[in-house]
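Here's the structure, in structure tokens; my notes come after.
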Amino acid sequence: MSNVNELTLWLGATRYYLGRRTYAVGDFCEELIANWSFFEEATKDILIREIEAEFDRDDLARLEGRDYKPLGDNCDRQSWEKARSLWKK
């Protein structure tokens, strides 16, 4: 797979799953973790930026007590936190 196709596929899927409230978020995050070491650095940088932006939005939503959470329900956020541990040490 070319670098451009890799980025398109993973970025599109990441954007799709961010904010979803379904068991599939956990499955996607597991795939993201399993494939992380194969990604180009540019792909990792973009995915990190996108996911971190959603963490910022989710933190604010939770702080303000909003019903809508950009990362989904608590179980969805936990899945994203597990994926986030790839770059947050």
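Heads up: the sequence shown runs through residues -7 to 81, numbered per our numbering. Quick reminder that beta carbons are idealized off the backbone N, C-alpha and C, glycines included.
Handout entry: Proximity winner among 75, 30, 48 and 59, relative to residue 19 (alpha-carbon distances)
Key = Ranking 75, 30, 48 and 59 by Cα distance to residue 19 puts 75 first.
Practice task
Could you tell me the distance, in whole angstroms, from the CA atom of residue 69 to the CA atom of residue -7?
Solution key: 29 Å
Practice task
For the alpha helix (DSSP H) containing residue 54, list its first residue and its last residue.
Solution key: 33 to 55
Problem - residue 11 - DSSP class collapsed to helix/strand/coil - result: coil
Problem - residue 68, DSSP secondary structure in three states - result: helix
Exercise for the section: Check each candidate in 45, 11, -3 and 2 and name the one with the smallest Cα separation from residue 36. Expected result: 2
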